[in-house]
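For reference, the structure discussed in these notes is given below.
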Amino acid sequence: MAQGKWELDAAHSEIEFKVKHMMITNVKGNFDIFKIDVDAEGEDFKNALAKVVIDTSSINTRNEQRDGHLKSAEFFDVEKYPEITFEATSLENDEIKGNLTIRDVTKPVSFDLEFAGIQKDPWGNTKAGFIVEGKIKRSEFGLSWNAALETGGVMVSDEVKFSADIQLIKAQ
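As structure tokens, then:
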């Protein structure tokens, strides 16, 4: 049932992130525009080929000034680096491994993966669900802007946590 090509069901998917701000609270946001293509051989999605492309200019923290700063050269530099990409190298045992590219820096990463199953919707479409969670160190990808705090510590944590709820639809 899962064999073949799968595409993102954008209406039922999201990628969110959070980062510690001033060492006391988390700032949360998401990317509004992204694409996922998956080529799977079996119902368990093992050995599937998956590629995620995120539009960096679609970052949304619900604060226009902060979003502008994140889009600037001090962070994502969306004019020069319009995309974040992730290409999976393996999906198995509750883990997805692959190569993450941010600002033209590519690093191997590993994230927790929950395969939530396959269902047919009321219109006959075959859907598959996944939950992905993980964290990265933003400095490893050239996102190193920060400011020291008067009381010690830094303005923005190096660790960025993210979660993605993904629903795929089998291509016809």
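In our numbering, the protein residues as written are 75 to 246. For each residue, glycine too, the CB sits at the ideal point set by N, CA and C.
Residue i burial status per 10 Å Cβ neighbour count (16 or more: buried)
i    : result
V179 : exposed
K211 : exposed
L147 : According to the sequence displayed, residue 147 carries Ala and not Leu. Its Cβ having fewer than 16 others within 10 Å, A147 is exposed.
K92  : buried
A124 : buried
G172 : buried
Three-state secondary structure assigned by DSSP to residue i
i    : result
S164 : strand
P122 : The identity of residue 122 in the sequence shown is Ala, whereas the question assumes Pro. In this structure, A122 counts as coil in the three-state DSSP scheme.
E153 : coil
G84  : In the sequence on display, residue 84 carries Ala and not Gly. Helix.
Q139 : helix
E90  : strand
S218 : coil
S146 : coil
Any non-hydrogen atom of the ligand GTP within 7 angstroms of residue i CB
i    : result
G103 : Here there are no bound small molecules, and the ligand GTP is not part of this structure.
CA-to-CA distance, residue j to residue i, given in whole angstroms
i    : j    : result
A162 : T99  : 32 angstroms
H143 : E115 : 42 angstroms
A190 : S231 : 31 angstroms
F105 : F185 : 18 angstroms
R140 : N134 : 9 angstroms
F236 : V101 : 12 angstroms
(Q) Using a Cβ distance threshold of 8 angstroms, determine whether the segment 134-154 contacts the segment 206-219, with at least three qualifying pairs required. (A) yes
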